[in-house]
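Colleague: Dropping the structure in here first, questions after.
2 protein chains.
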Amino acid sequence: MTEARATMPPGAGVVMPIGGAEDKLGRMTILREVIRLAGGSAARIVVISTASSLGDEITHAYLQLFAGLGVSDVVGIRPENRDQAGDAALVATIDRATAVFMTGGNQTKLATVIVGTPVGDAIRAAHLRGAVVAGTSAGASICSEHMVSFGSGGSTPKFRVGQVSQGLGLLSGVVVDQHFTQRNRFGRLLALVAANPGQLGVGIDEDTAAIVSASGRLEVKGRGVVTIIDGADVITTAYTATGTQPLMMSGLTLHTLPRGAIFDLTTRRLVSAPGLPDETEPPKVATLADVPEDMRPRTRRIAAEGAHTTTAELRRRPASS
Amino acid sequence: MTEARATMPPGAGVVMPIGGAEDKLGRMTILREVIRLAGGSAARIVVISTASSLGDEITHAYLQLFAGLGVSDVVGIRPENRDQAGDAALVATIDRATAVFMTGGNQTKLATVIVGTPVGDAIRAAHLRGAVVAGTSAGASICSEHMVSFGSGGSTPKFRVGQVSQGLGLLSGVVVDQHFTQRNRFGRLLALVAANPGQLGVGIDEDTAAIVSASGRLEVKGRGVVTIIDGADVITTAYTATGTQPLMMSGLTLHTLPRGAIFDLTTRRLVSAPGLPDETEPPKVATLADVPEDMRPRTRRIAAEGAHTTTAELRRRPASS
Chain Z
1 MTEARATMPP GAGVVMPIGG AEDKLGRMTI LREVIRLAGG SAARIVVIST
51 ASSLGDEITH AYLQLFAGLG VSDVVGIRPE NRDQAGDAAL VATIDRATAV
101 FMTGGNQTKL ATVIVGTPVG DAIRAAHLRG AVVAGTSAGA SICSEHMVSF
151 GSGGSTPKFR VGQVSQGLGL LSGVVVDQHF TQRNRFGRLL ALVAANPGQL
201 GVGIDEDTAA IVSASGRLEV KGRGVVTIID GADVITTAYT ATGTQPLMMS
251 GLTLHTLPRG AIFDLTTRRL VSAPGLPDET EPPKVATLAD VPEDMRPRTR
301 RIAAEGAHTT TAELRRRPAS S
Chain L
322 MTEARATMPP GAGVVMPIGG AEDKLGRMTI LREVIRLAGG SAARIVVIST
372 ASSLGDEITH AYLQLFAGLG VSDVVGIRPE NRDQAGDAAL VATIDRATAV
422 FMTGGNQTKL ATVIVGTPVG DAIRAAHLRG AVVAGTSAGA SICSEHMVSF
472 GSGGSTPKFR VGQVSQGLGL LSGVVVDQHF TQRNRFGRLL ALVAANPGQL
522 GVGIDEDTAA IVSASGRLEV KGRGVVTIID GADVITTAYT ATGTQPLMMS
572 GLTLHTLPRG AIFDLTTRRL VSAPGLPDET EPPKVATLAD VPEDMRPRTR
622 RIAAEGAHTT TAELRRRPAS S
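Protein chains in written order, with the numbering used here: chain Z, 1 to 321; chain L, 322 to 642.
Set out below in structure tokens:
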């Protein structure tokens with residue numbers, strides 16, 4: 001087992017990669033969560049639309065969405081080249097934000113424009129001082145240190161099906177991929193983990209977010225799942241594959257996590273999920289001595305469950321119930 | 322870890338589920354392998370086309386294909402209902418075969434027509450006496466005891482995304498799914514493993530075969546990969562999910578195996594793969610004492626590899642080389 005490397009400095013804010021296509025018309029669970037984490041109606045949100053090909057249109061859409069959800073202090077910025085990404089006014093705008101929201105589009109454009117510039121550094125600084133950094137689609141990918149830059153879909157892992165380049169590094173030890181189920185990116189993330197087994201692969205479905213706290217806990221929100229691929233113990237010949245040859249990978253650990261599930265990126269283990277019993281309690285063994293004397297047989301309910309004596313688990317109940 | 326249950330009786334023949342769409346025009350790797358295992362040009366092959374909606378057309382296509390590859394003793398049968406699947410002449414045909422080949426189509430039709438009939442029993446008997454039983458697509462699924470009967474595509478595991486029913490049981494402890502990458506059936510197989518964690522999920526790509534020997538070794542042939550999903554250690558709340566809710570599954574073990582890889586279905590571990598070092602040898606530590614005295618430094622080749630002294634591995638070579 002390689003040492004788990006997914007860590008964030010203490011005091012850092014939440015990082016919230018979103019798998020793209022978050023709901024903007026219905027319950028807007030994901031966008032509401034961004035606002036909640038950023039301070040509710042007192043939030044100060046900066047929308048960065050550099051990745052998008054839609055220009056100011058996408059900026060205006062998010063400004064209206066956040067305003068409609070009760071946040072009045074929303075600013076859009078759109079550096080288009082590294083020179084603009086050095087603008088002191090843009091840095092000052094980020095410096096006062098409680099949340100940075102990066103739109104979807106082309107993450108290679110976003111990365112080549114802002115990584116290693118004053119704007120990129122300001123986003124990192126905002127994260128370190130406790131601001132929320134959220135990003136959807138391309139904006140999610142760039143949260144990684146080793147970022148998916150491009151690649152093709154399909155379930156089979158193949159050589160060169162995906163490429164990485166440097167991202168913002170808000171999440172270290174984690175490669176984020178997005179539109180995961182919808183664009184069938186399983187093979188691409190598998191191939192990236194084969195080539196980078198020190199990185200945990202995190203695939204996020206559309207309208208789904210991974211909310212990562214400073215302690216390295218990832219909580220899932222939204223409609224789909226977050227898929228986690230752990231290659232720590234993988235046996236692979238990926239380094240021998242050429243062309244379109246599928247990759248041999250044996251012993252990956254896989255997790256599919258819907259909303260409410262909490263996963264520890266440092267220990268690489270599930271912490272909890274809705275409906276799971278508390279792991280800290282040992283399995284119960286019930287004997288006749290455990291049955292409260294005044295317990296009335298709940299005949300109808302037991303009958304309704306079709307319970308057999310071999311499977312019935314009798315719980316202790318206080319005498320007053 | 323639950324006890325691995327994938328076993329076959331000693332003396333039984335090879336079972337060869339194929340992921341569908343095996344090459345019928347080019348190298349025909351998969352079909353040639355069926356013939357090789359069945360005795361080469363002396364093979365006696367029965368083609369069962371019950372699953373197909375193409376009727377005699379598909380039977381004739383396979384008769385011609387096998388004939389073109391040098392097998393003259395090929396017979397097609399097509400029981401259309403359970404009454405026909407009791408026909409003694411069909412049973413006698415299977416009884417003398419060295420290979421049974423089941424075509425693609427609708428595995429629920431195939432299963433409801435032959436499972437538990439004299440034809441179904443004859444296929445099982447053929448397997449037990451050492452004949453090859455191969456099947457493509459629907460014909461692959463029916464090899465399982467717990468067979469995928471139907472379901473929809475998509476990477477996210479969801480409740481009721483796949484259903485199982487009784488297959489021929491030639492492979493026990495293994496649920497076979499086919500057209501795996503091409504129809505994006507990852508989520509469906511994950512959901513089936515969530516509901517049946519005692520079963521190993523085996524997803525087979527198109528033009529790819531899993532060749533399973535009596536000892537429970539699975540070898541991959543063909544163009545794609547065989548994906549294995551092991552739920553022995555899974556933590557899941559799949560039993561609480563309803564409707565279209567995605568399933569929580571944590572701690573699955575995953576393997577993607579291209580051609581040449583060998584996997585043990587009983588121990589659920591990779592045995593070997595092309596390009597992997599021999600696992601039985603300990604890692605080498607080279608010291609100066611290991612360097613043969615007459616070894617001429619192969620300066621150009623070492624320079625070409627850009628080898629550093631810290632990474633160079635020196636191999637012993639006989640004095641004559």
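All C-beta atoms, glycine included, are put in the ideal place defined by N, C-alpha and C.
For residue 137 of chain Z, which residues in the same chain have their Cβ closer than 6 angstroms to its Cβ, ignoring the five residues on either side in sequence?
Modeller: So the list reads 20, 104, 178, once near-sequence residues are dropped.
Colleague: Does any C-beta atom of chain L lie closer than 7 angstroms to the C-beta of residue 204 of chain Z?
Modeller: Answer no: the Cβ-Cβ gap between residue 204 of chain Z and chain L never drops below 7 angstroms.
Colleague: Does DSSP put residue 54 of chain Z in a helix, a strand or coil?
Modeller: Three-state DSSP puts residue 54 of chain Z in coil, outside helix and strand.
Colleague: Tell me whether the segment 572–579 of chain L and the segment 248–256 of chain Z touch, counting them as touching only if at least three CB pairs, one residue from each stretch, are closer than 8 angstroms.
Modeller: Contact between the segment 572–579 of chain L and the segment 248–256 of chain Z is present, because at least three Cβ pairs lie under 8 angstroms.
Colleague: Among Z/15, Z/14, Z/22, whose alpha-carbon lies nearest the alpha-carbon of residue 182 of chain Z?
Modeller: Of the candidates Z/15, Z/14, Z/22, the one whose C-alpha sits nearest the C-alpha of residue 182 of chain Z is Z/22.
Colleague: Comparing the CB of residue 40 of chain Z with every heavy atom of the ligand SAH, is any distance shorter than 6 angstroms?
Modeller: With respect to small molecules bound, the structure shown includes none, and the ligand SAH cannot be examined in it.
Colleague: Identify, in the order they occur along the chain, each residue of the same chain with its Cβ nearer than 7 angstroms to the Cβ of residue 513 of chain L, setting aside the five sequence neighbours on each side.
Modeller: So the list reads 469, 483, 485, 496, 522, once near-sequence residues are dropped.
Colleague: Going along chain Z, which residues have a C-beta under 7 angstroms from residue 518 of chain L?
Modeller: The contacting residues do not exist; residue 518 of chain L stays about 13 angstroms from chain Z at best.
Colleague: For residue 240 of chain Z, which option in Z/194, Z/123, Z/225 has the closest C-alpha, if you only look at C-alpha atoms?
Modeller: Per the Cα distances, Z/194.
Colleague: Taking only beta-carbon positions, decide if residue 256 of chain Z is within less than 7 angstroms of chain L.
Modeller: For residue 256 of chain Z, the answer is yes, since a Cβ of chain L falls inside 7 angstroms of its Cβ.
Colleague: Step through the CB atoms of chain Z and report whether any lies within less than 7 angstroms of the CB of residue 546 of chain L.
Modeller: Judged by the 7 angstroms Cβ criterion, residue 546 of chain L is in contact with chain Z.
Colleague: With a threshold of 16 other CB atoms inside 10 Å of the CB of residue 455 of chain L, please say whether the residue is buried or exposed.
Modeller: With 16 or more Cβ atoms within 10 Å of its Cβ, residue 455 of chain L is classed as buried.
Colleague: In angstroms, rounded to a whole number, what distance separates the CA positions of residue 428 of chain L and residue 50 of chain Z?
Modeller: Spanning the two alpha carbons is a distance of roughly 50 angstroms.
Colleague: Report the neighbours of residue 582 of chain L on chain Z: residues whose CB is nearer than 7 angstroms to its CB, in chain order.
Modeller: Those within 7 angstroms of residue 582 of chain L in chain Z are 248.
Colleague: Pull out every residue of the segment 116–134 of chain Z whose Cβ sits closer than 7 angstroms to any Cβ of chain L, in chain order.
Modeller: Listed in sequence order: no entries.
Colleague: Under 7 angstroms, Cβ to Cβ, is there at least one residue of chain Z near residue 633 of chain L?
Modeller: Low per-residue confidence applies at residue 633 of chain L: pLDDT is 38, beneath 50, and the placement is therefore not dependable, though the value from the model is reported in the following sentence. It does not; no Cβ of chain Z falls within 7 angstroms.
Colleague: In chain order, what residues of the same chain lie with their CB nearer than 6 angstroms to the CB of residue 339 of chain L, ignoring the 5 residues before and after it?
Modeller: Counting only Cβ-Cβ distances below 6 angstroms, and skipping sequence neighbours, we find 351, 457, 461, 530.
Colleague: Spatial neighbours of residue 373 of chain L within its chain, please: C-beta separation below 6 angstroms, excluding the five flanking residues on both sides.
Modeller: Cβ within range, chain order: 379, 424, 426.
Colleague: Quick check on this structure: which residue in Z/111, Z/157, Z/151, Z/206 has the alpha carbon closest to the alpha carbon of residue 170 of chain Z?
Modeller: Checking every option, the nearest Cα to that of residue 170 of chain Z belongs to Z/111.
Colleague: Reducing DSSP to helix, strand and coil, say where residue 638 of chain L ends up.
Modeller: Low confidence applies to residue 638 of chain L: its pLDDT is 38, below 50, so where it sits in the model is not reliable, and the reading given next is rough at best. If DSSP states are grouped into helix, strand and coil, residue 638 of chain L belongs with coil.
Colleague: Please list the partners that residue 595 of chain L has in chain Z, where partner means a Cβ-to-Cβ separation under 9 angstroms.
Modeller: What residue 595 of chain L touches in chain Z: 237, 240, 248.
Colleague: Report the rounded CA-to-CA distance for residue 15 of chain Z versus residue 142 of chain Z, giving the unit in angstroms.
Modeller: Using only the alpha carbons, I get a separation of about 11 angstroms.
Colleague: Please report the Cβ distance between residue 97 of chain Z and residue 45 of chain Z, rounded to the nearest whole angstrom; I am assuming they are in contact, meaning their Cβ atoms lie under 8 angstroms.
Modeller: About 6 angstroms separates the two Cβ atoms, so the contact holds.
Colleague: List, in order along the chain, the chain L residues whose C-beta lies closer than 9 angstroms to that of residue 270 of chain Z?
Modeller: Under the 9 angstroms cutoff, chain L gives 556, 569, 571, 572.
Colleague: Give me the chain Z residues within the contact set of residue 587 of chain L, using Cβ-Cβ distance strictly less than 8 angstroms, ordered along the chain.
Modeller: Here the premise fails: no neighbours, minimum Cβ distance about 15 angstroms.
Colleague: My output table needs one value for residue 109 of chain Z: the three-state DSSP class, helix, strand or coil.
Modeller: Correct three-state label for residue 109 of chain Z: helix.
Colleague: Taking all protein chains shown into account, do 16 or more other C-beta atoms lie within 10 angstroms of the C-beta of residue 81 of chain Z, making it buried, or fewer, making it exposed?
Modeller: So residue 81 of chain Z counts as exposed.
Colleague: With a threshold of 16 other CB atoms inside 10 Å of the CB of residue 605 of chain L, please say whether the residue is buried or exposed.
Modeller: Residue 605 of chain L should be labelled exposed.
Colleague: Determine the closest residue to residue 594 of chain L out of L/610, L/586, L/541, with distance taken between C-alpha atoms.
Modeller: Nearest option by C-alpha distance: L/541.
Colleague: Let me check one thing: in DSSP terms, what residues is residue 165 of chain Z bridge-paired to?
Modeller: Paired residue(s): Z/147.
Colleague: I'd like to check one pair, residue 384 of chain L with residue 397 of chain L: are the Cβ atoms closer than 7 angstroms?
Modeller: For residue 397 of chain L and residue 384 of chain L, yes; Cβs fall inside 7 angstroms.
Colleague: So is residue 613 of chain L buried or exposed if we call it buried at 16+ other beta carbons inside 10 Å?
Modeller: Exposed is the call here.
Colleague: Within its chain, find whatever has a CB closer than 7 angstroms to the CB of residue 478 of chain L; leave out the 5 residues flanking it on each side and keep chain order.
Modeller: Only 508, 511, 512, 515, 567, 568, 570 meet the Cβ criterion.
Colleague: Out of curiosity, what's the CA-to-CA distance linking residue 389 of chain L and residue 346 of chain L?
Modeller: Each residue's Cα considered, the two are about 11 angstroms apart.
Colleague: Given that a residue counts as buried once 16 or more other Cβ atoms are within 10 Å of its Cβ, and exposed if not, what is residue 640 of chain L?
Modeller: Note that residue 640 of chain L scores 41 on pLDDT, short of 50, meaning its location in the model is unreliable; the coordinates nonetheless yield the value given after this. It is exposed - the Cβ of residue 640 of chain L has fewer than 16 other Cβ atoms within 10 Å.
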